[in-house]
Amino acid sequence: MATWEEMASTFSRVTDTLGTKIDAGIFDTVVALNMLGIPTKQSCEGHLDWGVPYPWVALQGEKEHCLRLYRYLSAFYAQHPLSLDTVLILHGIRLCSNGARFHEHFSGKEREQKLRQYQDEMQAFTQFLKTLCSAPDRST
């Protein structure tokens with residue numbers, strides 16, 4: 296099994312078709328998911344000035360990977376406070392906050408506030424995943 300450092304080194308060299316590296320604010324999430332056997336294909340930390348104002352990660356799309364992520368989310372929310380707006384969900388093959396799909400209806404100030412909340416939620420989940428990555432058997 297690869298170590299965190301090895302996996303991070305691998306993903307530090309990954310770019311999209313435009314040559315852009317993985318956003319720093321979602322990088323650890325991508326590394327953790329891949330270490331736990333959930334391959335990713337795209338991601339974004341969320342931006343106010345371009346793209347969408349919420350963080351997201353797209354999975355390769357295999358049903359077994361989505362089910363594994365669902366189990367990790369279930370374990371995370373069994374011990375983490377839940378908010379209907381910020382709760383992370385699988386929307387198709389994309390992991391994002393539940394309220395993210397309504398971003399077009401928020402004012403500029405609301406988008407800014409919600410982006411921070413959504414990023415905080417993704418980071419909390421990432422910290423949970425990182426504890427699993429350091430476990431000997433890497434399972435919930």
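Residue numbers for the sequence shown follow my numbering, so the first one is 296 and each next one is one higher. Where a beta carbon is used, it is the ideal one built from N, C-alpha and C, also for glycine.
If you count every other CB in all the chains shown that lies within 10 Å of the CB of Met330, and 16 or more means buried, which is it?
-> buried
Grouping DSSP H, G and I as helix and E and B as strand, with all else coil, what is Ser392?
-> strand
In terms of residues, what are the limits of the alpha helix (DSSP H) holding Leu343?
-> From DSSP, Leu343 is part of no alpha helix (DSSP H); its letter is neither H nor E.
Classify Gly403 as buried or exposed, calling it buried when 16 or more other Cβ atoms lie within 10 Å of its own Cβ.
-> exposed
Over the uninterrupted beta strand (DSSP E) stretch that includes Ile384, give me the two end residues.
-> Leu383 to His386
Would the beta-carbon of Ser307 fall within 9 Å of that of Ile317?
-> Annotated as proximal: Ser307 and Ile317, with beta-carbon spacing under 9 Å.
DSSP-derived helix/strand/coil call for Thr426 = Thr426: helix per DSSP, three-state reduction.
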